[in-house]
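Okay, so here's the structure we're looking at.
Protein chains: 2
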Amino acid sequence: MAAVVLEDESLRDGLQFEQKILTLDQKLSLYRLLAAAGVRRLQVGSFVHPKLVPQMADTAELIETVRGETPGVLLTALVLNDKGLERALRCGLGHLSLSSSASDSHSLKNVKRPADQAFASLLELVRLAVAAGLQVRAGIQCAFGCVYEGAVPEARVLEMAARLADSGANELNLADTAGMANPVQVKRLVAKTRAALPQLPISIHLHDTRGLGLTNMLAAYESGVTLFDVAAGGLGGCPFVKGAAGNVAAEDAVNLFEQIGVETGIDLKALCRVVDRYEQLLDRSLPGRMNRVIQSQRAACG
Amino acid sequence: MAAVVLEDESLRDGLQFEQKILTLDQKLSLYRLLAAAGVRRLQVGSFVHPKLVPQMADTAELIETVRGETPGVLLTALVLNDKGLERALRCGLGHLSLSSSASDSHSLKNVKRPADQAFASLLELVRLAVAAGLQVRAGIQCAFGCVYEGAVPEARVLEMAARLADSGANELNLADTAGMANPVQVKRLVAKTRAALPQLPISIHLHDTRGLGLTNMLAAYESGVTLFDVAAGGLGGCPFVKGAAGNVAAEDAVNLFEQIGVETGIDLKALCRVVDRYEQLLDRSLPGRMNRVIQSQRAACG
Numbered sequence: 000m001a002a003v004v005l006e007d008e009s010l011r012d013g014l015q016f017e018q019k020i021l022t023l024d025q026k027l028s029l030y031r032l033l034a035a036a037g038v039r040r041l042q043v044g045s046f047v048h049p050k051l052v053p054q055m056a057d058t059a060e061l062i063e064t065v066r067g068e069t070p071g072v073l074l075t076a077l078v079l080n081d082k083g084l085e086r087a088l089r090c091g092l093g094h095l096s097l098s099s100s101a102s103d104s105h106s107l108k109n110v111k112r113p114a115d116q117a118f119a120s121l122l123e124l125v126r127l128a129v130a131a132g133l134q135v136r137a138g139i140q141c142a143f144g145c146v147y148e149g150a151v152p153e154a155r156v157l158e159m160a161a162r163l164a165d166s167g168a169n170e171l172n173l174a175d176t177a178g179m180a181n182p183v184q185v186k187r188l189v190a191k192t193r194a195a196l197p198q199l200p201i202s203i204h205l206h207d208t209r210g211l212g213l214t215n216m217l218a219a220y221e222s223g224v225t226l227f228d229v230a231a232g233g234l235g236g237c238p239f240v241k242g243a244a245g246n247v248a249a250e251d252a253v254n255l256f257e258q259i260g261v262e263t264g265i266d267l268k269a270l271c272r273v274v275d276r277y278e279q280l281l282d283r284s285l286p287g288r289m290n291r292v293i294q295s296q297r298a299a300c301g
Numbered sequence: 000m001a002a003v004v005l006e007d008e009s010l011r012d013g014l015q016f017e018q019k020i021l022t023l024d025q026k027l028s029l030y031r032l033l034a035a036a037g038v039r040r041l042q043v044g045s046f047v048h049p050k051l052v053p054q055m056a057d058t059a060e061l062i063e064t065v066r067g068e069t070p071g072v073l074l075t076a077l078v079l080n081d082k083g084l085e086r087a088l089r090c091g092l093g094h095l096s097l098s099s100s101a102s103d104s105h106s107l108k109n110v111k112r113p114a115d116q117a118f119a120s121l122l123e124l125v126r127l128a129v130a131a132g133l134q135v136r137a138g139i140q141c142a143f144g145c146v147y148e149g150a151v152p153e154a155r156v157l158e159m160a161a162r163l164a165d166s167g168a169n170e171l172n173l174a175d176t177a178g179m180a181n182p183v184q185v186k187r188l189v190a191k192t193r194a195a196l197p198q199l200p201i202s203i204h205l206h207d208t209r210g211l212g213l214t215n216m217l218a219a220y221e222s223g224v225t226l227f228d229v230a231a232g233g234l235g236g237c238p239f240v241k242g243a244a245g246n247v248a249a250e251d252a253v254n255l256f257e258q259i260g261v262e263t264g265i266d267l268k269a270l271c272r273v274v275d276r277y278e279q280l281l282d283r284s285l286p287g288r289m290n291r292v293i294q295s296q297r298a299a300c301g
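As given, the protein sequences belong to chains A and B, one line each in that order. Residue 118 in numbering that gives the first Met the number 0 sits at position 119 of the first sequence, and the numbers go up by one each step. Residue 299 in numbering that gives the first Met the number 0 sits at position 300 of the second sequence, and the numbers go up by one each step.
Laid out in structure tokens, this is it:
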């Protein structure tokens, strides 16, 4: 079966709201462990104001340090505005993630602007980044529903997708920010998007709030998607989404695909050592399952 | 889409290895809450030796008390041997669950007998129970793999299934005791079993060890299975299976099916109140997700 590419976002979506702020050295060591485990796409930070999100303040330094080290790795970061774009360009980043929300209420809470205003800025930012020669992934947050508004009309998501494609985005990221997606809906929205925009690669960003992260990932894969966001350990969660859980755990996604014979290029045991390291650094146990399974196997062998 | 029937096993598989032994009154109140939430199949206990599994010592009393109360509910319990069958008959139970393992190593650890011996006894027990006029569900443990032996040959599972059908079993339960199943395997084994035994209803028992419980449940549903075992809160786990996690959480299964438009007959909020009650009684938080989601909604409304 077709291989998949997993983008690990533990260093960005995973850490951005963690109370404990990791040092640059700690992040560098995590980055290198992830790359060594075979992760080939890494979203490592966010160019936001360091006072608003101090967890991400060292994103530029992190990128400058590792960017020559791992030629096979697609290095990316989140950019929210013009200033962030300038900073991303200055540190030599070749790929960006940009996004806005399909839900007004979520947009107001997250970026303090209505969805249409935020989307207009997003389109402009995509154009600027493409004009500057960057590869751009454009994302639609709350594409599968919003905790505040409930269902999000598919027509709205499809219209946003079409306009993002027109503005030159190289990839469309459909994000289940609220963890509300279900597998039937995932298949339907992916099919409609692919039918409308057959040239545009689609990636899927899932949260595991209702325990359906892997189920939705498989549904997307069965619909032809081969790019997925994950985070080591299942790190993550959003303060603007009530009851939000983390991203799909990278190690659980690797196990799923391995079990059904789909290549990820990632070494599961090496990946679980990164999860161990996160658990040590953050001093808590993370929600991903495979690290527990592998630890219990190790204990039994010892 | 076709409706599904969820059999809640929280009172049996969920509680059988809990350190805290609930009282008969506590179990009665849980049973009544589950039935009131719309659960229509309940596995409430196990006729094992009370010294071996004191958690299940009051199974007969529990059944005798509730059996007239809830005419719409299929009441069932686990029976392991002739003595258990006698006890089940004495308390007027009309439906039994019997099973043995497809894996020798698991069988030796679980019942201290090789798989073929345990299976011969199971066949005899099925015949006795059927002859006594009982409805019998016959289960194959480790049907999707064994932590000790790895892959379990499908041919072995299919042969056991055929012999169970011959002995008069009314339903075949394929159990992923080790939580090792993957969705491709589930679809394949269900398809083969249905092809070989088209008249025999199949139910599926899944553990969430690798986070694939719901994914495998959906795969089985897509293959035509409409009977699933669950446990409120995701209770459960097996001391003879390294790193085992609980059953698929009843509330998460209800949410999945509700979201994709498949009827379960169960009220999700009422079910989550049972999970609340389990969490109070056991004094810990359970792994199911939907109770957390509904609690955060309640908090936001308050």
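The beta carbon of each residue, even a glycine, is placed where N, CA and C say it ideally should be.
Review point. Mapping DSSP to helix, strand and coil, what is ASP57 (chain A)?
Key: For this step, residue 57 (chain A) is matched to residue 58 along the first sequence. In the structure shown, ASP57 (chain A) sits in coil (DSSP, three-state: anything other than H, G, I, E or B).
**Study point:** Same chain, Cβ closer than 6 angstroms to ARG288 (chain B), five either side skipped, listed in chain order
**Key:** Counting from 1 along the second sequence, the entry for residue 288 (chain B) is found at position 289. Counting only Cβ-Cβ distances below 6 angstroms, and skipping sequence neighbours, we find ASP251.
Review point. Mind listing which residues of the region 251–285 of chain B have their C-beta closer than 8 angstroms to chain A's C-betas, in chain order?
Key: ASP251, ASN254, LEU255, GLN258, ILE259, GLY260
Point to revise | First and last residue of the uninterrupted beta strand (DSSP E) at GLU68 (chain B) | key: In the second sequence, residue 68 (chain B) corresponds to position 69, counting from 1. Neither: GLU68 (chain B) is in no beta strand (DSSP E) and is coded neither H nor E.
**Study point:** Cutoff 6 angstroms; reference ALA164 (chain B); Cβ partners in own chain excluding five residues on either side
**Key:** Here residue 164 (chain B) refers to the residue found at position 165 of the second sequence. The residues are LEU196, LEU199.
**Study point:** GLY232 (chain A) versus LYS50 (chain A): straight-line alpha-carbon distance, rounded
**Key:** Within the first sequence, residue 232 (chain A) is the residue found at index 233, counting from 1. Within the first sequence, residue 50 (chain A) is the residue found at index 51, counting from 1. In a straight line, the C-alpha of GLY232 (chain A) is about 27 angstroms away from that of LYS50 (chain A).
Point to revise | Exposure label - ALA2 (chain A); buried when at least 16 CB within 10 Å | key: In the first sequence, counting from the first residue as 1, residue 2 (chain A) sits at position 3. Exposed, by the Cβ-count rule.
Point to revise | Status (buried if at least 16 other CB within 10 Å, exposed otherwise) for SER106 (chain B) | key: Stepping through the second sequence from its first residue, residue 106 (chain B) is reached at position 107. By the neighbour-count rule (16 or more Cβ atoms within 10 Å), SER106 (chain B) is buried.
Check your understanding: What does VAL183 (chain B) touch in chain A if you count any residue whose Cβ is under 8 angstroms from its own?
Key -> For the purposes of this step, residue 183 (chain B) is identified with residue 184 of the second sequence, where counting begins at 1. By Cβ distance, chain A contributes GLN258, ILE259, GLY260.
Exercise for review: With GLN140 (chain A) as the anchor, note down where its beta strand (DSSP E) starts and where it stops.
Suggested key: By 1-based counting over the first sequence, the position of residue 140 (chain A) is 141. Taken as a continuous stretch (DSSP letters only), the beta strand (DSSP E) holding GLN140 (chain A) covers 134–140.
Check your understanding: Of the choices B:ASP282, B:CYS271, B:SER295, whose alpha-carbon is the least far from that of LEU32 (chain B)?
Key -> The sequence position of residue 32 (chain B) within the second sequence is 33, counting from 1. For LEU32 (chain B), the nearest C-alpha among the options comes from B:CYS271.
**Study point:** Cβ pair VAL65 (chain A), LEU27 (chain A) closer than 8 angstroms
**Key:** If you number the first sequence from 1, residue 65 (chain A) lands on position 66. If you number the first sequence from 1, residue 27 (chain A) lands on position 28. In contact: VAL65 (chain A) and LEU27 (chain A) (Cβ atoms closer than 8 angstroms).
**Study point:** Best match in A:LYS82, A:GLN25, A:VAL110, A:LYS191 for proximity to ARG276 (chain A) [C-alpha to C-alpha]
**Key:** Within the first sequence, numbered from 1, the residue matching residue 276 (chain A) stands at position 277. For ARG276 (chain A), the nearest C-alpha among the options comes from A:GLN25.
**Study point:** C-alpha distance - LEU14 (chain B) paired with THR22 (chain B), whole-angstrom precision
**Key:** Here the question's residue 14 (chain B) lines up with position 15 in the second sequence. Here the question's residue 22 (chain B) lines up with position 23 in the second sequence. Each residue's Cα considered, the two are about 11 angstroms apart.
**Study point:** Same chain, Cβ closer than 6 angstroms to GLY138 (chain B), five either side skipped, listed in chain order
**Key:** Within the second sequence, the letter at position 139 stands for residue 138 (chain B). Excluding positions up to five away in sequence, the list reads SER98, ASN172, ALA174.
**Study point:** Per-residue DSSP class, three states only, for THR75 (chain A)
**Key:** Sequence index remark: in the first sequence, residue 75 (chain A) carries index 76 (1-based). Three-state result, THR75 (chain A): strand.
**Study point:** Of the listed residues B:ASP115, B:ASN80, B:GLU148, B:ARG155, nearest to ARG126 (chain B) (C-alpha basis)
**Key:** Taking the first residue of the second sequence as position 1, residue 126 (chain B) is located at position 127. Ranking the options by Cα distance to ARG126 (chain B), first place goes to B:ASN80.
Review point. Can you list, in chain order, the stretches of the alpha helix (DSSP H) that have 4 or more residues and sit fully within the region 155–228 of chain A?
Key: 182–195, 212–221
Check your understanding: To the nearest whole angstrom, what separates the beta carbons of SER96 (chain B) and ALA76 (chain B), a pair I think is in contact under 8 angstroms?
Key -> As a first step, residue 96 (chain B) is located in the second sequence; it is residue number 97 there, counting from the start. As a first step, residue 76 (chain B) is located in the second sequence; it is residue number 77 there, counting from the start. Rounded, the Cβ-Cβ distance is 7 angstroms, consistent with contact.
Point to revise | Between the CA atoms of ALA150 (chain A) and GLY301 (chain B) - distance to the nearest angstrom | key: On the second sequence, position 302 is the one that residue 301 (chain B) refers to. On the first sequence, position 151 is the one that residue 150 (chain A) refers to. With a pLDDT of 44 at GLY301 (chain B), under the threshold of 50, the modelled position of that residue is not reliable, and the figure given next carries that caveat. For GLY301 (chain B) and ALA150 (chain A), the distance between alpha carbons rounds to 22 angstroms.
Review point. Between which two residues does the alpha helix (DSSP H) containing HIS105 (chain A) stretch?
Key: The residue you call residue 105 (chain A) lines up with position 106 of the first sequence. Its alpha helix (DSSP H) spans residues 103–110.
Point to revise | Min CB distance THR214 (chain B) to chain C below 8 angstroms | key: In the structure shown, chain C does not exist; the protein chains are A and B.
Check your understanding: Is HIS204 (chain B) buried or exposed, if buried means 16 or more other CB atoms sit within 10 Å of its CB?
Key -> Indexing the second sequence from 1 puts residue 204 (chain B) at position 205. Under this definition HIS204 (chain B) is a buried residue.
Exercise for review: Look at the Cβ atom of GLU85 (chain B), then the Cβ atom of GLN42 (chain B), and state whether they are nearer than 8 angstroms.
Suggested key: As a first step, residue 85 (chain B) must be located in the second sequence, where it is residue number 86. As a first step, residue 42 (chain B) must be located in the second sequence, where it is residue number 43. No, the Cβ-Cβ distance between GLU85 (chain B) and GLN42 (chain B) is not below 8 angstroms.
Practice item. Return the bridge partner residues of GLN42 (chain A) from the DSSP annotation. Key: Position 43 of the first sequence, counted from the start, is the residue given in the question as residue 42 (chain A). The partner list for GLN42 (chain A) (beta bridge, DSSP) reads A:THR75.
Review point. Closest Cβ-Cβ distance between VAL156 (chain B) and chain A: below 8 angstroms?
Key: Against the second sequence, residue 156 (chain B) aligns to sequence position 157. Chain A, which has no Cβ nearer than 8 angstroms to the Cβ of VAL156 (chain B), makes this no.
Review point. Which residues in chain B sit within 7 angstroms of MET289 (chain A), going by Cβ to Cβ distance?
Key: Looking up residue 289 (chain A) in the first sequence gives position 290. Within chain B, the residues near MET289 (chain A) are ARG209.
Review point. By a C-beta neighbour count over all protein chains shown, 10 Å radius and 16 as the cutoff for buried, is GLU123 (chain B) buried or exposed?
Key: Taking the second sequence and counting its residues from 1, the one referred to as residue 123 (chain B) is at position 124. Counting Cβ neighbours within 10 Å, GLU123 (chain B) comes out exposed, since fewer than 16 surround it.
Point to revise | Closest Cα partner of ALA87 (chain A) within the set A:GLY212, A:SER102, A:ARG39, A:HIS48 | key: The residue you call residue 87 (chain A) lines up with position 88 of the first sequence. Ranking A:GLY212, A:SER102, A:ARG39, A:HIS48 by Cα distance to ALA87 (chain A) puts A:HIS48 first.
Practice item. Could you confirm whether any beta carbon from chain B is found closer than 8 angstroms to the beta carbon of LEU14 (chain A)? Key: As a position in the first sequence, residue 14 (chain A) is number 15, starting the count at 1. With 8 angstroms as the cut-off, LEU14 (chain A) does not count as an interface residue toward chain B.
Review point. Could you give the distance in angstroms between the alpha-carbon of ALA142 (chain B) and the alpha-carbon of PRO152 (chain B)?
Key: Numbered from its first residue, the second sequence carries residue 142 (chain B) at position 143. Numbered from its first residue, the second sequence carries residue 152 (chain B) at position 153. Each residue's alpha carbon lies about 9 angstroms from the other.
**Study point:** Backbone CA spacing between THR208 (chain B) and ASN215 (chain B) [nearest angstrom]
**Key:** The residue given as residue 208 (chain B) occupies position 209 in the second sequence. The residue given as residue 215 (chain B) occupies position 216 in the second sequence. Each residue's Cα considered, the two are about 12 angstroms apart.
Check your understanding: Grouping DSSP H, G and I as helix and E and B as strand, with all else coil, what is CYS90 (chain B)?
Key -> Position 91 of the second sequence, counting from 1, holds the residue named residue 90 (chain B). In this structure, CYS90 (chain B) counts as coil in the three-state DSSP scheme.
Review point. How would you label GLU8 (chain B), buried or exposed, when you count the other beta carbons within 10 angstroms and need 16 or more for buried?
Key: For the purposes of this step, residue 8 (chain B) is taken as the residue at position 9 of the second sequence. Its Cβ being crowded by 16 or more others within 10 Å, GLU8 (chain B) is buried.
Exercise for review: Look at the alpha carbon of GLY37 (chain A) and the alpha carbon of SER104 (chain B), and state the distance between them as a whole number of angstroms.
Suggested key: Taking the first sequence and counting its residues from 1, the one referred to as residue 37 (chain A) is at position 38. Taking the second sequence and counting its residues from 1, the one referred to as residue 104 (chain B) is at position 105. C-alpha separation (whole angstroms): 35 angstroms.
Check your understanding: Under a Cβ-count criterion, where at least 16 other Cβ atoms within 10 Å of its own Cβ denotes burial, should ARG40 (chain B) be classed as buried or exposed?
Key -> Position 41 of the second sequence holds residue 40 (chain B). Buried: at least 16 other Cβ atoms inside 10 Å.
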